[in-house]
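Residue numbers (this note's numbering): 13 to 366.
For every residue, glycine included, the Cβ atom is placed at its ideal position computed from N, Cα and C.
None of these values were measured; they are calculated from a predicted model.
Data block below; observations after.
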């Protein structure tokens, strides 16, 4: 029994040596053709073997040959590399794979031989397809049937040499998990963010959150409350002629002007639509209209330098809505938004009350 076992081990060792020798030979030819081999990890031992015919080798390397016992060590490195490796023929059938791939799949290396790469990756192919190569390099999901786990991998193919192709598979499961966690945390942070990125004013979420208690106060005590929506005119034209940088400069300058004009109790923000909104507690409709006219006059004298040669003078339209019994946040903001649309249709720097 031990005799048969030793024979099998000896046979497998010879097969491993042949596979490694062919792999080294192909990579040596690939280097001699002037190609870079940055697609694979350059282990020091493998680099010595791959450059064994180089005229500038050291005295020790000159005595290394393909029959050197260290060839088995080279095959051990390939077999236990941190990435999976396969070689395929010109039809895409797997001729050899390392132990890392077999371990990922939870099977023996021999069970991978003769399979197509698409079957290995679990990719469905069109009927009568003769090309068993994936359309992209991934990432793909590699299922580990015995462990019930999934591994995400990227495909890194090398150019074909002597009709055979070598493909490396890199495990990117951890990277994808971290990327997913980063996206999730960014979304959570965004939910708590209250500042609009360009203007530095309150964003729409913060405006809604701040307006709710003010509406409750008005319902309970009948206190006046007004909302003003302001829309900068010709933003699309400015974007097409002067560029987005010019638009951003206008937004920043206008935002600073609005901060200077508001009381500490007022809320001023910029909505996702790009319009500005002021929430004015203890302010009736006539006072809100007066404030809108005042800001319109100041905008008419505001000159914003876009570059060394050009300046812009923004104009805006305003829609004013005062709280009425039965208004909630949505209704009050909608009435103000409808009023500003009417002002835009009227043209010029106008103020319209709902």
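Q: Quick one: residues in its chain with C-beta nearer than 6 Å to the C-beta of residue 109, no 5 flanking neighbours on either side, listed in chain order?
A: 98, 121 and 124
Q) How about residue 282 and residue 213: are their beta carbons less than 9 Å apart? A) Here residue 282 is near residue 213, since their CB atoms are less than 9 Å apart.
Q: Measure how close the beta-carbons of residue 145 and residue 104 come, nearest whole angstrom, since I'm counting them as under 8 Å.
A: 5 Å
**Q.** Beta-carbon proximity list for residue 259, same chain, < 7 Å, skipping 5 on both sides
**A.** 247, 250 and 251
Q: Pull up the distance between the alpha-carbon of residue 91 and that of residue 116, whole angstroms please.
A: 13 Å
Q: Classify residue 331 as helix, strand or coil using the three-state DSSP reduction.
A: It is a strand residue.
(Q) Please report the straight-line C-alpha distance between residue 228 and residue 234, rounded to a whole angstrom. (A) 9 Å
Q: Counting only the same chain and skipping the five closest in sequence on each side, list residues whose C-beta sits under 6 Å from that of residue 293.
A: 226, 237 and 277
Q.
Quick check: the Cα distance between residue 372 and residue 197, rounded to an integer number of angstroms?
A. Coverage of the chain is limited to positions 13 through 366, which leaves residue 372 absent and any answer about it impossible.
**Q.** Supposed contact pair residue 279 and residue 222 - C-beta distance, whole angstroms, cut 8 Å
**A.** 5 Å
Q: Could you check if residue 347 is buried or exposed, using at least 16 other CB atoms within 10 Å of its CB as the buried criterion?
A: buried
Q. Residue 364: buried (16+ other C-beta within 10 angstroms of its C-beta) or exposed?
A. Classification for residue 364: buried.
**Q.** Buried or exposed by the 16-neighbour rule on C-beta atoms within 10 Å, applied to residue 202
**A.** exposed
Q: Mind reading off the beta-carbon distance from residue 267 to residue 315? Whole number of angstroms is fine, and I expect it under 8 Å.
A: With 8 Å as the limit, residue 267 and residue 315 do not qualify as a contact, their Cβ atoms being about 16 Å apart.
Q. Which residue's Cα is closest to the Cα of residue 356: 287, 320 and 219?
A. 287
Q: Write down every uninterrupted run of the beta strand (DSSP E) in the segment 106-173 whose length is 3 residues or greater and which is fully enclosed by it, in chain order.
A: 106-109, 152-156 and 161-169
(Q) At 3 residues or longer, what runs of the beta strand (DSSP E) sit wholly inside the segment 276-319? (A) Listed in chain order, they are 279-282 and 288-293.
Q. DSSP beta-bridge partners for residue 83?
A. The beta-bridge partner set that DSSP reports for residue 83 is empty.
Q) Is the distance from the Cβ of residue 167 to the Cβ of residue 148 below 9 Å? A) yes
Q.
Based on DSSP bridge pairs, tell me the residues matched to residue 247.
A. In the DSSP output, where bridge partners are listed per residue, residue 247 has none listed.
Q: Taking residue 289 and residue 219 to be in contact with their CB atoms under 8 Å, please state how far apart those CB atoms are, rounded to whole angstroms.
A: 6 Å
Q. So, helix, strand or coil for residue 337, using DSSP?
A. coil
Q | Under the three-state DSSP convention, the category residue 238 falls into | A | strand
Q.
Could you compute how far the alpha carbon of residue 59 sits from the alpha carbon of residue 83?
A. Note that residue 59 has pLDDT 41, beneath the 50 cutoff, so the model's placement of it is unreliable and the number below is only indicative. Taking the straight line from one Cα to the other gives about 12 Å.
Q.
If I measure Cβ to Cβ from residue 261 and keep anything under 7 Å in the same chain, skipping five residues before and after, which residues do I get?
A. Result list for residue 261: 316 and 318, in chain order.
(Q) For residue 134 and residue 154, I'd like the C-alpha separation in whole angstroms. (A) 7 Å
Q: Pick helix, strand or coil for residue 363, following the three-state DSSP scheme.
A: Correct three-state label for residue 363: strand.
Q: Under 6 Å Cβ to Cβ from residue 14, same chain only, skipping five residues before and after it: list those, please.
A: Residue placement at residue 14 is flagged as unreliable, the pLDDT there being 49, under the threshold of 50; the coordinate-derived value follows with that caveat. If we look at residue 14 and ignore the five residues flanking it on each side, it has no Cβ neighbours.
Q) Considering only residues of the same chain and omitting the five flanking positions on each side of residue 362, which have a CB-CB separation below 7 Å? A) Listed in chain order, the non-local C-beta contacts of residue 362 below 7 Å within the same chain comprise 329 and 355, local neighbours out to five positions each way being set aside.
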